[in-house]
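Note that the numbering used here has the sequence shown beginning at 3, numbered continuously upward.
Note that beta-carbon positions come from the ideal geometry of N, C-alpha and C, so glycine has one too.
Since this is a predicted model, take the numbers as computed values, not measurements.
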Amino acid sequence: GKADADDETAVSSDRPSEDKIKKKVIHQAGSFAAGFAGSAANSGGLPLTVLFLSDRSMTKTTFAANMVVMLAIMDSIKIIAYLLLGILTIKNVLLVVIYIPFIYLGAYIGKWLHTKISEKAFFGTAYSMIFITGLLLLL
């Protein structure tokens with residue numbers, strides 16, 4: 003009777019829904035495509051990453067934090083690969099050192115803008131910039 007119905011409900015709530023499974027498969031395929039595009043074009047796979055992994059319920063802060071962590075991981079892996087392949091030279095490292103002040107300035111301005119811009123404007127700007135970047139990668 004009632005106990006059987008409760009057991010059925012408990013079992014069915016433990017199983018992922020068909021939509022969740024579909025979404026997971028799409029996200030995994032999108033992640034693979036983003037990784038492939040990022041490796042092939044040395045782009046970081048941003049356009050595809052945003053397309054397949056963005057979550058409409060995500061706040062601008064969560065979105066930005068996820069993108070920063072993802073890019074840091076991907077770039078760290080690339081640096082290790084470049085070192086192992088002998089592509090990264092002292093000249094490249096010195097060039098990066100020269101740009102460090104600009105990197106910090108950009109981070110400071112970005113953090114300041116992040117607090118001033120609305121969610122809608124943030125996502126509109128972010129998606130527009132990523133779309134343009136994706137188009138430029140096709141050229």
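**OP:** Assign LEU87 to one of three DSSP states: helix, strand, or coil.
**Re:** helix
Subject >> Range of the contiguous alpha helix (DSSP H) that encloses SER130 >> reply: 121 to 140
Subject >> the stretch 118 to 129 touching the stretch 55 to 75, judged by at least three CB pairs closer than 8 Å >> reply: yes
Original post:
Can you tell me whether DSSP reads SER19 as helix, strand or coil?
Top reply: coil
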